[in-house]
Each structure stands twice: as structure tokens, then as C-alpha cells.
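Step one of this worksheet: look at the structure below.
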Amino acid sequence: MGVTFEKKRKIFHLFTKNFSYYIHVNKYNYLIHLYSGKYLNDISKERVSERYMERYAFLNDEKKETMDEDYYFSFIASQFEVAPFGKGDKRNAPFIIEGEDNIPITNFLFDSYEIIKGPYKKERIRFPYVRFQENDVTTLIITLKDEYKKVYLKLFYEISEKFDCLVRYSKIINKSNENIKVKKLSSFELDLPSSGYKILALKGTWGNDTEVEIIPLNHSLTKISDNHGARGFYYNPAIALISNEATLDNGEVYGISSLYSGDFSYEFKVDEIDQTRIIGGFNDETFEYLLKEKEEISTFQTLFVYSNKGINGMSQLMHEVIRKRIMPQTKNVQKDYILINSWEGYYFDFDTDKIISLIDEAKKCDINLVVIDDGWFKNRNSDTTSLGDWEVDNLKIDLKKVIDHAKSLKMDIGLWIEPEMISPSSYLFKEHPEFALIPENYKHPTLLRHQLVLDLTNNEVITNIFRKMIDIFDEYDISYVKWDFNRYLTESYSPSLPVERKKETNYRFMLGVYDLLYRFTNIYPHILLETCASGGGRFDLGMLFFSPQIWGSDETDIALRASIQYAKNIFYPLRSIGAHVSNRKIGSIQDKACLAFFGTFGYELDITKLNEEDKKQIKFFNSLYKDFHHVVEEGKYYSIFSPFSSNYAAWNVVSNNKKECLVYFMNYKKEQTKSRFLKIKGLSPNKFYFNSLTNDIYKGSFYMNVGLNLSCPMDPYFSALFVLKEVDDIRAKLYRKTKQVDGGKRDKLI
Ligand code: DGJ
């Protein structure tokens, strides 16, 4: 049981083995946040008694901020679970509702609660969600009622002992007989009693998709958000709140990640007495919702983990629950594909013969999935046309022949698609101009990459486009789909929504995207889905719910790629990051393979033009994939050096039984001889490991405390993948003897 309610003191305790979260219902029915952090089996009486407030009493001297002249209650000094808006608390508020009187004062007070075993399934309708099973979680649902209007707020807390995490979301229900405007809707508020935190956020742009940004918190309002509608690169919806003392491996870190691909916002505010407030939810810059009588609206879910083992501890908790309870667990994830994608090798310039040669060469290199990227459908020979016309361009490619050929070699075929878009020059646009997301009477809509977005707030559009998808995927035996999204939303006031609902467009668009994804994955569960947005522009848990992998970035040379993958690794499991070996300038095929190995692993170049040596490398890495990729897929991740604060990018992943470990290392700037040791993390200290760097055998404690010796001059972008493999004591002894006798024939051990 991860939730208790102590009736006498009116205290909820949500807990896992490592984490506690205490909420108190005070005498005015405010929900007060008492504590969150390392597990505490009880909360001291003082914390809820009036005496605790004495230290704030000075604030109330003039009794200006008090309730009913109550010396012991202060709006300023309270940590709320749901702060009011328009009352004595002038910090940022999580919910703002406005009635027909145009007054937005909002004051939600405790009404009732419910504790249930398992997740609250009724909410699992429209948004992606954490797929908790019955035994994974206990759910606390707290219902609050607004002081002035008959409007209810439900707060959902799913606490999982098994995954050591908490999931939060909320819902507003209008039971009054007036129309309510929801002007701000959040999935959570978290009030902490002190300051001393900084934020780790991921920001990006095309080609430099993910960068770590450390943002100090001060007394101004800090907002990490996105307003591109259905995600841009700008900010990622995963952030960490890091205590100033924390390091990679020690100290307090909260990981916060939302299961949403649309406009989100996280607000951070350190107030005048140095308490910290965090609010996460829809970005109120692009969100307003009309809630008519009896209507309700829910938020997306936000996942929280708490670690007192630094950033690495946070990453590990995140990775585990994402792998096991967010990413699809159907058989489409299990396939052992090594793919080759046509994009960087051919762009739009391919035909049946070229793809057949690619298949033949791929077969020789032990690649088993060939993906035909953009360019296979009607007249699509550049990025200016045809989105929406999802019919095979038979003049360019005989898709049946290509598939039959691949199948005869026991290989599979994948296809690219961008279903949320429409080209102004497409037949679809000629037939249905009203399908484009352009407000009526607004000419000259913004074209990005020559295309417009479909109005996915309109069910008719979703159905029409889905029918076209069915025509393709029913007819052709396709095993993989790359679902792209190459522009963001502008002028997004849907032509199909009534005037009073225009401002709901971005929110409803996202629901439309999820609807389309639900339909697709329900009908084709055997198709491996990889999502993408001009590279890694929509990398979030909303997408990972549908697609077990997301293309990491269009940047594939190792210099930027290493930092992009490093940044993504902080929140997302390595196996979710689409990573390919390409022909870009920086790094050899081998260098790129070392790095791509720490993602989904595949290729994106014209292998028919490679020399024999490169093809040998490809075959070598493909065999390594078979032997060791399971470590990347399931293992525990540890960051060693951050490329954002050092000259190196380095990390290691350890298998769950700790018998195998893969290490990645790259340096950026040239360095001359330098004493340089790479301390590996997470091994069994007393076991012996063979390492593929020096072909030596040392104890785990040696690798972890002394480290792998990399003290040599290094050219820029020197990079390597090392394997550490446990060997038993006898082999270790034998190894030592052999080494003494003949200098060692050690490399057979791996
Ligand atoms: C953007 C993607 O990131 C690329 O990999 C490629 O699929 C192109 N779109 C195709 O238009």
C-alpha cells in the first residue's frame, strides 16, 4: 500500500521505499504540501501543528495575510498543493477558472478523497499514459471544490513502489449552470520549503537537437515551455530539478517528464521568503478552454522520480519505468532489426533498381530491414509537393516487387510517412482546402518546408487521412513505419471549431494526433513504429507511448551526435533513441558505429558505394550487435563525463546481472599526453572483468576506483566503444599465469 490517510491529523502519506510525499488538509480545507523527499516513516507533529507556523508569525504581525485573523495561517508562508488565485498568495497559481462574471478568482478547497488499488483507468481515454498494472500502483484521488462556483477539481496521484515513481494529473468538472473559461490548467504543483535548486533542461534546434542547459533559479519567474503546437525542438518536456549540492552520483534530484507532445509549460518561482514553487501543465500562452455545464477536461500525465543518488540515479529510475511501462510492450518492439534507411544515401533520387541493389548489399552485410524514406508516393521528387496524396508512385518504384525481393531474402521493408501534413499543391488540398489548418478568411498562411498542417481537430480529416493510410498498409506488407512531422503550428485557430473554441486548437490538434496514432497502432500492432520530427524535434513520452523509438537527430557526424545522445540519455532510455551510421564528414564508419551502437543502431548511407574495409566494419558491428546490444537495451546507464562541461563525452551501461558493461568515450578538442583515467560505474567490485581496451583482466573495484587508463595524446574526435566482460576467478587466475608465461593470449576471452 503506497498511500495512507491519517484521519486524526488529516494527513496523506504517499510513499515508496525511497520516497515520501505528505499532504495535509488544514482547518480551512486547503491542501498543504508538508514534505517530499527521502522516505520518512512519519512526519513530526510539529510540521502540522500551529507551532510550526510560529516561525512565520512575524509575517502576520499586521494580520494582513491571514485567514479570519488567524495568527497561524499565512498565505505567504504556506506550501500549497493547489494554490489559490486572486487571494493572499501572490505566487503563480496552477488553476485559473473564470465564470460569466469575468472574475477569475479561483480557490479550490478539500472536499473528499478516494484511495484505490491500481491505476484509475477511466482517465485513460485520450492521452498517452503510464501503463501501470494493477499491482504496480496505488492511486489517491483528492476532490476539491471551488469556493465560489460549483466547479470541482480532481487531483490524481499514482504512486508506484515497484518503479519508485509518482504520476500526477488533474481534471476539472463543471457542475455549475454557467459556462466556465479554464484559463490555466496544470497537471501538478510542487511547493518546496526552501530554495537552492537549479534546473537541468534540454533545449535544441534542427541539427543540434538536444543540448543540456543548466538554469539557476532566482526570484523571477522562470518558465521552461514550448508553444510550437505539436512540439518543436525548443524545450523538451523533461526537466530535472537539482539541488545545488548534487552531482552526477550524489545528492537530491527530481526528474519530471510529461507524457505530452504539445504546448506544455513548467513554471519555477522562488518567492520572497525563498520557498520554491513548480507548476507544470498546459502552456497558458496557447491554451484556453470553454467548459460548458457538465463538461470536464483532464490534463496529460506527468511522471516524477526522486533520487538522492544524483543525476544518474534519476536517469536510472526514469529509464526503468519508461522502458517497462510507457513504451509499447507489444511484439513489434521485440524484433531484432538492424535497419538501413534510404534518406541520406539517396534523398528523393531512387527507383526500383537502386532499392533492389540496396537490399542485396544490405543482405550481404547482415542488415535485415530496408526503409524507404521520403519520396515513394505520387510525384514526390522534392519536398515541395504531395503530402496528403498517399499513393505509391508506380512510375518511380514498384513497391510490390521490392517487397517480394526483400522477403525472398528473409528481409523486411519499412516506409516513411508524414500523415499530419498537407502540401498546397497536393490533390488532397485541391479537393479539400478546408482540411488545412488555416483560419477562415486569413490568407497567406505561413508555409514551412513548403507545407501546411492538417486540421486534426476535425474528426472528418482524421478519418479521411487514416483511410488513406489503411489503403497503403493493408495492401503492402510493411514491417516498419517512420512517422515524420516536419513543421510546427502557426495561425492555429481551426476552421472547423466554433468561434468560442478557437483557442482550443493546439490542445485539440494534439488529441487528434494521438487519436490517429491510437488508430494506427491498434490496427497494425506488428509494425515497428519510429516517430520523428525533422530529426529529434518531438522526442517525448507522449510519442514514446506509441513508438518504441524516435529518430534522434538528422545530425549524424559524431561531434554533435555524441552530445545530442548524451543529453537525451539523461531522461530517455538508450534503446529509444534512433541512431544510424551515416556518411557525414566527422568520424569514420567505425567511429559512427561505436556511437550509433548506444541507440537503436542502423545505417543511413549508400552502402553499395562503400569499400570492402568499410563493409567489413559493418559486418563486425552487426555481429557485435547480436552479442551485446541487449546491454544497451536493458542495462543500467551511468554518465561519466558530460560534453557540456568537459572535453569528453563518456558513459557506460551495465547489464542487469552486472556481467557485461559497454563503455563509450569521445574527446572533442585535441589533447597531448595527459593523465586521464575513465572510472567505470556500477560493476561488481569483487568480480573480475576482461576489458577490450587493453585486453587485461582487473577487478571491478579497480575499474571503478582507478579507472581505465586513457593517458595518451588524442586527436579531436578520438572515440571508442569498450566492452568489459566478467570472467570467473579461475579464468582470471589462469589469465595471470598465461600472462606470466607467454605474455598472454587473452583476447579469446571475449
Ligand atoms: C526529416 C527527417 O528527420 C529525415 O530523416 C527525413 O526523413 C526527412 N525528414 C524526409 O523528408
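Count along the sequence shown from 1, then add 776; that gives the number in the numbering used here.
All C-beta atoms in this analysis are idealised placements derived from N, C-alpha and C, irrespective of residue type, glycine included.
What you are looking at is a predicted structure, and each value in this text was computed from that prediction instead of being measured.
Within 9 Å, strictly: CB atoms of residue i and residue j
i: Ile1353; j: Lys1361; result: no
i: Leu1079; j: Ile1032; result: yes
i: Lys999; j: Phe964; result: no
i: Phe884; j: Glu910; result: no
i: Tyr1256; j: Gly1190; result: yes
i: Leu1371; j: Ser1495; result: yes
i: Asn1423; j: Tyr1440; result: no
i: Ser1118; j: Ile1131; result: yes
i: Leu961; j: Ile1073; result: yes
i: Lys1139; j: Met1187; result: yes
i: Val958; j: Gln1077; result: no
i: Ser812; j: Tyr1082; result: yes
i: Gly1318; j: Leu1350; result: no
i: Tyr1010; j: Lys974; result: no
Residue i: first and last residue of the uninterrupted beta strand (DSSP E) it sits in
i: Gly1031; result: 1029-1034
i: Phe1466; result: 1464-1467
i: Asn1298; result: Careful: Asn1298 lies outside any beta strand (DSSP E), inside the alpha helix (DSSP H) at 1281-1299.
i: Tyr1218; result: Counting along the chain, Tyr1218 falls outside any beta strand (DSSP E), and DSSP gives it neither H nor E.
i: Ser1495; result: 1495-1503
i: Ser1133; result: Premise fails: Ser1133 lies in the alpha helix (DSSP H), 1128-1140, not in any beta strand (DSSP E).
i: Leu1207; result: The sequence as given places Glu at residue 1207; Leu does not occur at that position. Element bounds for Glu1207: not the beta strand (DSSP E) but the alpha helix (DSSP H), 1203-1207.
i: Glu1306; result: 1304-1307
i: Ile872; result: 872-874
i: Trp1192; result: 1188-1193
i: Lys1258; result: 1256-1259
i: Asn1327; result: Here residue 1327 is Trp; the residue named in the question, Asn, does not match the sequence. Per DSSP, Trp1327 belongs to the beta strand (DSSP E) from 1325-1327.
i: Thr1078; result: 1078-1083
Counted within 10 angstroms of its Cβ, other Cβ atoms place residue i as buried (16 or more) or exposed
i: Gln1448; result: exposed
i: Ser1451; result: exposed
i: Tyr1379; result: buried
i: Arg827; result: In this prediction, Arg827 has a pLDDT of 48, which is less than 50 and means its spatial position is unreliable; what the coordinates show is noted afterwards. Exposed: under 16 other Cβ atoms inside 10 Å.
i: Leu997; result: exposed
i: Thr1239; result: exposed
i: Thr780; result: exposed
i: Asn1282; result: buried
i: Phe1063; result: buried
i: Ser1418; result: buried
i: Val1275; result: exposed
i: Thr1470; result: exposed
i: Glu1196; result: buried
i: Tyr1218; result: exposed
i: Thr792; result: buried
i: Pro1301; result: exposed
i: Ile787; result: buried
i: Asp1149; result: buried
i: Leu1336; result: buried
i: His789; result: buried
i: Asp985; result: buried
i: Gln855; result: buried
First through last residue of the alpha helix (DSSP H) which encompasses residue i
i: Gly1476; result: 1476-1481
i: Leu1093; result: 1086-1097
i: Glu1120; result: 1119-1122
i: Phe1332; result: Here residue 1332 turns out to be Thr, not Phe, going by the sequence shown. No alpha helix (DSSP H) holds Thr1332; DSSP gives it neither H nor E.
i: His1181; result: 1175-1184
i: Glu1069; result: Per DSSP, Glu1069 belongs to no alpha helix (DSSP H) and is neither H nor E.
i: Leu1320; result: 1317-1320
i: Arg1243; result: 1235-1251
i: Phe884; result: Phe884 -> not in any alpha helix (DSSP H); beta strand (DSSP E) instead, spanning 884-893.
i: Leu1371; result: 1365-1372
| task | Examine the Cβ distances between the segment 902-911 and the segment 883-890 and report whether three or more of them are shorter than 8 Å. | result | no
| query | Okay, do the segment 1217-1225 and the segment 1175-1186 touch, 3+ Cβ pairs below 8 Å being the bar? | reply | no
| query | Does the pairing of the segment 1009-1023 with the segment 1061-1071 give three or more beta-carbon distances under 8 Å? | reply | no
| message | In chain order, what are the residue ranges of uninterrupted beta strand (DSSP E) at least 3 long that sit wholly in the segment 1399-1449? | response | 1412-1417, 1424-1430, 1436-1443
| task | Spell out a yes or no on whether the segment 1021-1038 and the segment 1324-1331 are touching, meaning 3 or more CB-CB pairs, one atom from each, closer than 8 Å. | result | no
| message | With three or more C-beta pairs closer than 8 Å as the rule, is the segment 1083-1094 touching the segment 1296-1316? | response | no
| Which ranges does the beta strand (DSSP E) cover as unbroken runs of at least 3 residues, wholly within the segment 906-973, from first to last along the chain? | 914-922, 927-936, 941-950, 956-960, 962-968
| query | Should the segment 1112-1128 be called in touch with the segment 1378-1393, which here means at least 3 C-beta pairs below 8 Å? | reply | yes
| query | Pairing CB atoms from the segment 868-877 with CB atoms from the segment 945-957, are three or more of them under 8 Å? | reply | yes
| task | Scan the segment 988-1044 and note each continuous beta strand (DSSP E) run of 3 residues or more that stays entirely inside, going in chain order. | result | 998-1001, 1011-1019, 1029-1034
| query | Between the segment 1426-1438 and the segment 1485-1503, are three or more C-beta pairs nearer than 8 Å? | reply | yes
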